[in-house]
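In UniProt numbering, the protein residues as written are 1 to 217. Before any comments, here is the structure.
Structure follows, in structure tokens:
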């Protein structure tokens, strides 16, 4: 179900105007879309947008675009201040409810891993999964059941069980979660080597993810 979000027209675009707008508790934004005669400059309430991004970052929104009318949109890009992380700008992209869209969905693990019960360490390597589906089928999270994972075992993107109508677009070979062997009795050198190995694994996952996104655009 779409969430209604109020937007207001924005006519002034100088740096001074944008600074005043942000100081008043609003975030400048733009609504883009093939069906729009032109991109529409808008502003939204900062608190409402912040709450939305925390709870439903991939929600389908209904916004009344000035001089155009009510449109179904999704947040496509958010800019934040590098120091304060305050919202600086937001882009909305118009969508067709009958056409598939792509979204990055948060991954959560469920279940009590066999390997963890034996002393292993559960490590979630991929924190988001890129999926493609109809707007109304976008899941809030992707749940990964780790109950059967033993020490040394892993789950890849290709092994995930996704809801009907939802297709993973991330590389199917990417490791999502793994169970590491207990580290209580390993040496300091082995611990450092393991840390390097995990860092390299995460880097490979991120590189593959970005490469997949780049080739799909």
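Cβ atoms here follow ideal geometry from the backbone N, Cα and C, with glycine treated the same way.
Between residue 7 and residue 42, the C-beta gap is smaller than 7 Å, which places the two residues in contact. Here residue 59 is buried: its Cβ has 16 or more other Cβ atoms, across all protein chains shown, within 10 Å. According to DSSP, residue pairing for residue 143 in a beta bridge involves 108.
Classified as buried, residue 95 has 16 or more neighbouring CB atoms from the shown chains inside 10 Å of its CB. Under the three-state reduction of DSSP, residue 126 is assigned to coil, being neither helix nor strand. For the pair residue 103 and residue 2, the Cα-to-Cα distance works out to about 16 Å. Contact annotation: residue 149 and residue 179 have beta-carbon atoms nearer than 7 Å. Closest option to residue 109, judged by alpha-carbon separation, among 145, 86, 121, 100: 145. Counting other Cβ atoms within 10 Å of its Cβ, residue 141 stays below 16 and is therefore classed as exposed. Collapsing the DSSP output to three states places residue 98 in coil. In this structure, residue 65 keeps its C-beta atom at 7 Å or more from the C-beta atom of residue 101.
In the DSSP annotation of this structure, residue 153 is not part of any alpha helix (DSSP H), being labelled neither H nor E.
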